[in-house]
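In my numbering, the protein residues as written are 837 to 1394.
This is the structure we're talking about:
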């Protein structure tokens, strides 16, 4: 059956690249209307190329994009830009740019830089093809460089600025610059020593905010005692900070703080042979106790540059500070008790099931706080529970919840059930809930419905109508957050994909897009590319003719 007629069609017979026009891209969405892009590929050199993306859309007019890529022995990167010289909506030029580079061994230095920017706050709402891009709130402009200074010392130099969009609130503080030295010594007569020296100048994103320098010294000394089946790690650290502020307002222009912290981390591992569902397995029981003590120091007269309350999860249960950042050190006198039980295949070491439970016990009330956030007063934290397992026959699950002892309810819950019975068959069902913040039901699938025909899709539905989504920043509304519906046809040498997508871009605003692509296997794809959308929306999705990854016995290591 003839599916494509072309008067002239040239292509290389080897892996060697050549300059020329690429297959056109056709798409339709509710904001730009119909759009066609005819890319031209310029093979500049074996390690450099440039792709032009001239296009035209019904509602946006002429557009131009391009991507330059380079690869050298000690650095690689690229430059991407998209521009509409005269957008009919704003009657102005609108653009997006992305400049990135990674380098190694530049005089012993390695690092990267990333610069991203847009012409206006609503660029991603009008031009984005995904909910993640349309809800971006800040765009980074970052430079990082680091190097080793001998066997024990390292140095980091960093500059971070931001372009804030989609929000009337100010963006994060800018670091111009940050200089950090770190010294790590292992097993010095049994002791481990880790020292961090940091100097950062913070620039306010808006006029009238506090800004200035912060100097931090944080030496830590631990004495790990690790034996077969058990371990004890006593540790002591000192956190010293000094501030020199400009336009400090009600805060002192110069201030300092020195706080010690003591902690002891202990754990045990018990194993026993067991038999579940007719299979011989190894079951473990791994209790863990973690005690930490930091005295109180009044920090209300110190600024808050980069510090916030840490998320409450299993990893944070065993941290010494309930804040993330160096501006606040929590006064704590607490004990964390937790336990993990695993079911392991003896022959492969694969983990088949895992259950975990943990809780904190507070021996004193916390007094240190961030402005606007009420400090903790409970004597016990919420209980964290988590379970995950491989049920066999392609079924697996992963779930976790936070139980409030005080209120007797569940402020946070998540669950994911996956079913992958065979190659090309995927079904995912998940739910995410955070009280007053997030409540979503998420399901996705890819399933053959007839010979050569496969249906796929995703439905993300919000059942919570209050608060703000912590991921996208979009105010919660009951209804569909994102929906994808597609159909695939795959023959021996060609295939086609039809995908319809609808996603929320802002409160009361949505974008609908249509993708249709013809694939000549091993030769070219003609039309709009839906595969990035499908991979993001359907966990486990891959191209119909891609080879599956071979399973490995080397996984699940922690």
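C-beta atoms are modelled at their ideal positions from N, C-alpha and C, and glycine is treated no differently.
Burial is judged here by how many other beta carbons sit within 10 angstroms of a residue's own beta carbon; residue 1266 has at least 16 and is buried. Residue state for residue 961 is assigned as helix, using DSSP reduced to three classes.
Separation of residue 1041 and residue 1065 (C-alpha to C-alpha, rounded to the nearest whole angstrom) is 51 Å. Using a Cβ distance threshold of 8 Å, residue 1132 and residue 1204 count as a contacting pair.
Cβ atoms of residue 1366 and residue 1322 come within 8 Å of each other, at about 7 Å. Residue 902: member of the beta strand (DSSP E) spanning 897-907, first to last residue. Here the alpha carbon of residue 1230 sits roughly 39 Å from the alpha carbon of residue 1156.
Minimum Cα-Cα distance from residue 1072 among the listed residues 1091, 1118, 1115 and 1129 corresponds to 1129. When beta bridges are read from the DSSP output, residue 918 appears opposite 901 and 932.
Taking the CA atoms as reference points, residue 1107 sits about 4 Å from residue 1120. Taking the Cβ atoms as the reference, residue 1362 lies roughly 5 Å from residue 1354, within the contact range of under 8 Å. Proximity to residue 1239 across 1226, 1219, 1258 and 1254 peaks at 1219, based on C-alpha coordinates.
Counting only runs of at least 3 residues, the region 1084-1118 fully encloses the following beta strand (DSSP E) elements, listed from N- to C-terminal order: 1090-1104 and 1106-1112.
Look at residue 1371 here: in three-state DSSP terms it is helix.
The three-state reading of DSSP puts residue 1014 in strand, counting E and B together.
Residue 1280 sits away from residue 1261, with the two beta carbons spaced by 8 Å or more.
Taking a contact as a CB-CB distance under 8 Å, the pair residue 999 and residue 978 does not count as one, their CB atoms being some 12 Å apart. DSSP lists 1052 and 1093 as the beta-bridge partner residues of residue 1077. A distance of 8 Å or more separates the beta carbons of residue 1012 and residue 1045. At the C-beta level, residue 1074 and residue 1060 stay beyond 8 Å of one another. Rounded to the nearest whole angstrom, the CA to CA distance from residue 873 to residue 1335 is 18 Å.
Residue 895 and residue 921 have their C-alpha atoms roughly 13 Å apart. Of the candidates 1259, 1320 and 880, the residue whose Cα lies closest to the Cα of residue 852 is 880. A straight-line Cα-Cα distance of about 12 Å links residue 1020 and residue 991. Residue 1151 sits in a helix when the DSSP states are folded into three classes.
Cβ neighbours of residue 888 within its own chain (closer than 6 Å, five residues either side excluded): 876 and 902. Per DSSP, residue 1234 is one residue of the beta strand (DSSP E) stretching across 1231-1239. For residue 984, the uninterrupted beta strand (DSSP E) run begins and ends at 974-985, by DSSP.
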